[in-house]
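Anchor point for the sequence shown: position 112 equals 1501 in our numbering, and the numbering is continuous, going up by one each time.
Reading through the structure tokens given below for one structure.
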Amino acid sequence: MRFDTTITGVFATLLIAFLGYSFYLYADLPQQNGPVSPQVAQGKLLWQQHNCSACHQVYGLGGYLGPDLTNVYSRRGSDFIRGFLQAGVNTMPAFHLSEQDMEALLAYLKNIDQSGNADPRQFIPQTYGHIVQR
Ligand code: HEC
1390 MRFDTTITGV FATLLIAFLG YSFYLYADLP QQNGPVSPQV AQGKLLWQQH
1440 NCSACHQVYG LGGYLGPDLT NVYSRRGSDF IRGFLQAGVN TMPAFHLSEQ
1490 DMEALLAYLK NIDQSGNADP RQFIPQTYGH IVQR
């Protein structure tokens, strides 16, 4: 009987610790995702349809032929991106997008640019394992 009480006590302690720690971690996530505009959603669809991620990463995930594009919008600006997509280069095909699709893709790139920084050197690790971005 005494054994059962000890096991129950240990289990309850671990459960409380687990729930407390989970609450602590998830109650204050550094990044909250809100709903995106239909234009941004369309841009993401185009990103998938044209398979940009075969060669590019977003947040470090994707292909490695081209550079990570998470922050390309603030690094290069919309005119540069527009020109790059219309003309292409040796290693990247030109994409002949309509004006509406181009705007949507730019809106998507602007949106992911605002969601954080892809460069891990910018991350500030916190004591409990999560990161904060500048
Ligand atoms: C076949 C592989 C491939 C695909 C598919 C591809 N790209 Fe690229 N992209 C590249 C490569 C390689 C570069 C780097 C070229 C260079 O700088 O000479 C690049 C560069 C870029 C750049 C300029 C980045 C910078 O900082 O200079 C942008 C913007 C870009 N791509 C957007 C896109 C978008 C949007 C799509 C999808 C519609 C796409 N790419 C699809 C290979 C690809």
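Quick reminder that beta carbons are idealized off the backbone N, C-alpha and C, glycines included.
Residues that DSSP places opposite residue i in a beta bridge
i: G1451; result: Q1446
i: Q1437; result: Answer by DSSP bridge pairing: none, since Q1437 is not bridged.
i: P1514; result: I1520
i: V1478; result: M1481
Under the three-state DSSP convention, the category residue i falls into
i: F1484; result: coil
i: V1425; result: coil
i: N1506; result: coil
i: N1460; result: coil
i: D1393; result: helix
i: L1494; result: helix
i: D1468; result: helix
Residue j beta carbon less than 7 Å from that of residue i
i: Y1448; j: D1502; result: no
i: L1494; j: G1432; result: yes
i: A1533; j: Q1438; result: What is shown of the chain runs 1390 to 1523, which leaves residue 1533 out entirely.
i: A1507; j: N1460; result: yes
i: H1445; j: L1458; result: yes
i: L1498; j: F1484; result: no
Closer than 6 Å: residue i CB and nearest the ligand HEC heavy atom
i: A1443; result: yes
i: H1485; result: no
i: R1471; result: no
i: L1454; result: yes
i: H1439; result: yes
i: R1465; result: yes
i: V1399; result: no
i: M1481; result: yes
Within-7 Å CB hit, residue i to chain D
i: G1455; result: Looking for chain D here will not work: only one protein chain is present.
Rounded distance between the beta-carbons of residue j and residue i, thought under 8 Å
i: Q1522; j: Q1515; result: Their Cβ separation, rounded to whole angstroms, is 11 Å, which puts Q1522 and Q1515 out of contact at 8 Å.
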